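Residue numbers (our numbering), protein chains in the order written: chain E, 1 to 258; chain B, 259 to 516.
Number of protein chains: 2
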Amino acid sequence: MEQPPIGDVFGELVRDAYAVRSGIGPRPLAGGRVPRPVIEIIERDDGLINGAPADQYVAEPDEWQPHDHRALRMCRGAVLDIGCGAGRTALELQRRSMAVTGLDISPGAIEIARKRGLRDTVIAPVDQYARTTTRYDTFLLLGNNLGLLEGRDRAPVFLAALAALARPGARIIAQGTDPYGTTDPVHVGYHERNRERGRFGGQLRLRLRYRLHATTWFDYLFCSVEELEELLQGTPWRLKSIDRQDHPYYLAVMELHT
Amino acid sequence: MEQPPIGDVFGELVRDAYAVRSGIGPRPLAGGRVPRPVIEIIERDDGLINGAPADQYVAEPDEWQPHDHRALRMCRGAVLDIGCGAGRTALELQRRSMAVTGLDISPGAIEIARKRGLRDTVIAPVDQYARTTTRYDTFLLLGNNLGLLEGRDRAPVFLAALAALARPGARIIAQGTDPYGTTDPVHVGYHERNRERGRFGGQLRLRLRYRLHATTWFDYLFCSVEELEELLQGTPWRLKSIDRQDHPYYLAVMELHT
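Right, dumping it as structure tokens:
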């Protein structure tokens, strides 16, 4: 098999998940008749392949995990929802009359977020958006998007971009996953090989696939709170609090040094 | 990326789906804590990749599609459930005190079927099992397993094996899917390219993947009723009835020539 062509995998996935849920737009159908569930395919560089239902990206608040609700209650001032996808959380903040910008690198996902009513959207990586003059009080990284810190190389650059976009006293509210509770030898072995290569154990090298397309390979970080603290050293951000109620998921609140 | 190693993909999938549903055996867990849904990954030779929830393989009768119930009501005498998987339908026939043998090529799936209480099981392809002296009145091909006819080369061989295993008056009850209702250009184009190569439009070339393993590539047939009739010509079987109530799915009953 040749390598699959690169495309806006996340955008296509979210568009179909939204169509299945809302009935708006063409849905994937078995035999041209029966709606199929939309599944995100995640390949890891050790050959592990997993599927995850994409319906989560368009879930309504009453279906969310409890920590998502706790995260939104901590938002204040102008909010930048980073990796906002189809607008799941940004739309809810907008409903609550908060000032919120949804940012994503996927044009397809932003198109769906706008179709669903999200008014303020940006298609860009944070580094590029950091050149704007807009400033924020809260940066939201939900849906495991603490993973966007990637690892030791990327984290300082990413965190500097957020600092450039920050008002005094700004906070990052990020949801992460501690991957180290597993005893599955496939994961434990992967973590070990990562560490041998100077990476974090849970520094996953992934690509996403949907239908005919793939993303390029990228790093996505599942880290412990201790590893997060290591990453924050020497950056303008410091850890303010951790909510571990939904372990292995956690919410980390980081605050700009004053 | 290298090619994934070949393994008992279906067996591993079914074992995990059964563990998630029953709590028996180790389950796949996110962060070592939260159960993950088990997803079957299906790759097609044009690069299309799809996921399907594997929970269907261990679904209880009240969750089945209506045509599965109609198929079981048509069973009589000794039944061979071909591609029985985790025993979904064979276990229900056994509960109804029918004589049923569950046959599958997956050792892992048969292990789960036996763990769930299925008494008479065979790990073999039908060709190999056709050397036995056991004879059957009904051959069941559910869960799209009409697809095991593969195409023009395989169908006569497969149907001859069933004839060798058949008592006089035996019937095949098979569930198929008519793939030609789609307008999706990805599928329509695939069907066209298949026909240009002398294959049936819906003669899918697939492999399954789960976690670290893949199957070898195999053909699996989604065909119209007209194509099925073409395949039956010159074989010991003739089409007796078609139930299209759940279109695009259908139940075909085939009877041995007397």
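Beta carbons: idealized from backbone N, C-alpha and C, even for Gly.
Given the structure is predicted, the values throughout are model-derived calculations rather than measurements.
Cutoff 6 angstroms; reference residue i; Cβ partners in own chain excluding five residues on either side
i	result
residue 105/E	125
residue 417/B	493 and 495
residue 310/B	298
residue 436/B	482 and 506
residue 102/E	81, 84, 87, 90, 113, 118 and 121
residue 94/E	100
residue 78/E	99, 136 and 137
Exposure label - residue i; buried when at least 16 CB within 10 Å
i	result
residue 216/E	exposed
residue 213/B	Nothing about residue 213/B can be read from this structure; chain B reaches only from 259 to 516.
residue 415/B	exposed
residue 346/B	buried
residue 283/B	exposed
residue 319/B	exposed
residue 300/B	buried
residue 242/E	exposed
residue 467/B	buried
residue 175/E	buried
residue 461/B	buried
Own chain partners of residue i with C-beta closer than 8 angstroms, once the 5 adjacent residues on each side are dropped
i	result
residue 264/B	471, 472, 473 and 474
residue 423/B	338, 384, 387, 388, 390, 392, 393, 394 and 397
residue 35/E	20, 27, 28 and 29
residue 514/B	421, 424, 426, 427, 428, 429, 494 and 495
Own chain partners of residue i with C-beta closer than 7 angstroms, once the 5 adjacent residues on each side are dropped
i	result
residue 490/B	496, 497 and 512
residue 200/E	151, 194, 221, 223 and 227
residue 315/B	272, 275, 343, 344 and 346
residue 469/B	270
N- and C-terminal bounds of the alpha helix (DSSP H) containing residue i
i	result
residue 517/B	Here chain B comprises residues numbered 259 to 516, so residue 517/B is not present and cannot be evaluated.
residue 326/B	324–331
residue 252/E	Not the alpha helix (DSSP H): residue 252/E falls in the beta strand (DSSP E), residues 249–256.
residue 368/B	365–373
residue 346/B	346–353
residue 488/B	483–490
residue 269/B	267–280
N- and C-terminal bounds of the beta strand (DSSP E) containing residue i
i	result
residue 501/B	495–501
residue 79/E	79–82
residue 479/B	476–479
residue 103/E	100–104
residue 339/E	Outside the modelled stretch of chain E, which goes from 1 to 258, sits residue 339/E, for which no answer is possible.
residue 302/B	297–302
heavy atom of the ligand NAD below 8 angstroms from residue i C-beta
i	result
residue 382/B	Of ligands this structure carries none, so the ligand NAD is not represented either.
Which runs of the alpha helix (DSSP H) spanning at least 4 residues fall entirely within the region 424–468 of chain B, listed in chain order? Listed in chain order, they are 443–454.
Within the region 387–415 of chain B, ranges of the beta strand (DSSP E) (whole runs, at least 3 residues): 394–399
Given 8 angstroms as the limit, is there contact between the region 443–462 of chain B and the region 379–399 of chain B, that is, 3 or more CB pairs closer than that? no
Given 8 angstroms as the limit, is there contact between the region 421–435 of chain B and the region 20–28 of chain E, that is, 3 or more CB pairs closer than that? no
Should the region 366–377 of chain B be called in touch with the region 331–348 of chain B, which here means at least 3 C-beta pairs below 8 angstroms? yes
Quick one: any contact between the region 68–76 of chain E and the region 36–53 of chain E, if contact means 3 or more CB pairs under 8 angstroms? no
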